[in-house]
Amino acid sequence: MTANEIKMILGLEAHPVEGGYFRRTYVSKLNVELERGTRAAGTAIYYLLEPDTFSEMHVLSSDELFHFYLGDPVEMLQLWPDGHTELVILGQDLAAGQHVQLLVPAGVWQGMRLIGDGKAALLGCSVTPGFDFADYIGGTCAELAAKWPEQSEMITELTRC
489 MTANEIKMIL GLEAHPVEGG YFRRTYVSKL NVELERGTRA AGTAIYYLLE
539 PDTFSEMHVL SSDELFHFYL GDPVEMLQLW PDGHTELVIL GQDLAAGQHV
589 QLLVPAGVWQ GMRLIGDGKA ALLGCSVTPG FDFADYIGGT CAELAAKWPE
639 QSEMITELTR C
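Residue 489 is where the sequence shown starts when you use the numbering used here, and the numbers rise one by one after that.
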């Protein structure tokens, strides 16, 4: 199945900030009161990457759980508040250490892209407390590379500098 077929079947649209394609599939009817405002208890989306797209480096105020559904593997760069970094692969090859489910805790910077000649990857993202665009913070090359210099090359590739 091609990326265009997946987009059409699932009704995906270009993500207005992050890159890639998405469609919100769930918003909890239960709301929670937080210091930053009222949020749904949880939300979920489909998320698709193609070769000419990437998920830009960003950080959320909520935990985000990724689910790998189908397609080619993706690599996710995580930049942790304590200064360490992780490069994690989401994909179906469990024997090779790939993840079909992966948690990105609140406060951890993240960005991802297809690996090599990958054509498409379909993932799901569940966020608790629920996602709100007011909680999305994108990073700049300079800001992130200064804090995590060992990852400056990949940071540059996952930001819109």
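All residues carry an ideal CB built from backbone N, CA and C; glycine is no exception.
Keep in mind the model is a prediction, meaning the values are calculated, not measured.
{"Check": "Buried versus exposed call for R648 [16 or more other C-beta atoms within 10 Å across all chains shown]", "Outcome": "exposed"}
{"Check": "Bounding residues of the beta strand (DSSP E) (the contiguous stretch that carries I603)", "Outcome": "Counting along the chain, I603 falls outside any beta strand (DSSP E), and DSSP gives it neither H nor E."}
{"Check": "Status (buried if at least 16 other CB within 10 Å, exposed otherwise) for Y514", "Outcome": "exposed"}
{"Check": "C-alpha gap between F556 and E521, whole angstroms", "Outcome": "30 Å"}
{"Check": "As assigned by DSSP and simplified to three states, the class of F510", "Outcome": "strand"}
{"Check": "Alpha-carbon spacing of Q566 relative to E523, whole angstroms", "Outcome": "25 Å"}
{"Check": "Contact check, Y534 vs L582, beta carbons under 8 Å", "Outcome": "no"}
{"Check": "Local conformation of A583 per DSSP, three classes", "Outcome": "helix"}
{"Check": "At least three beta-carbon pairs within less than 8 Å, the region 589–604 to the region 535–548", "Outcome": "yes"}
{"Check": "Runs of beta strand (DSSP E) wholly within the region 534–566 (minimum 3 residues, chain order)", "Outcome": "543–547, 551–559"}
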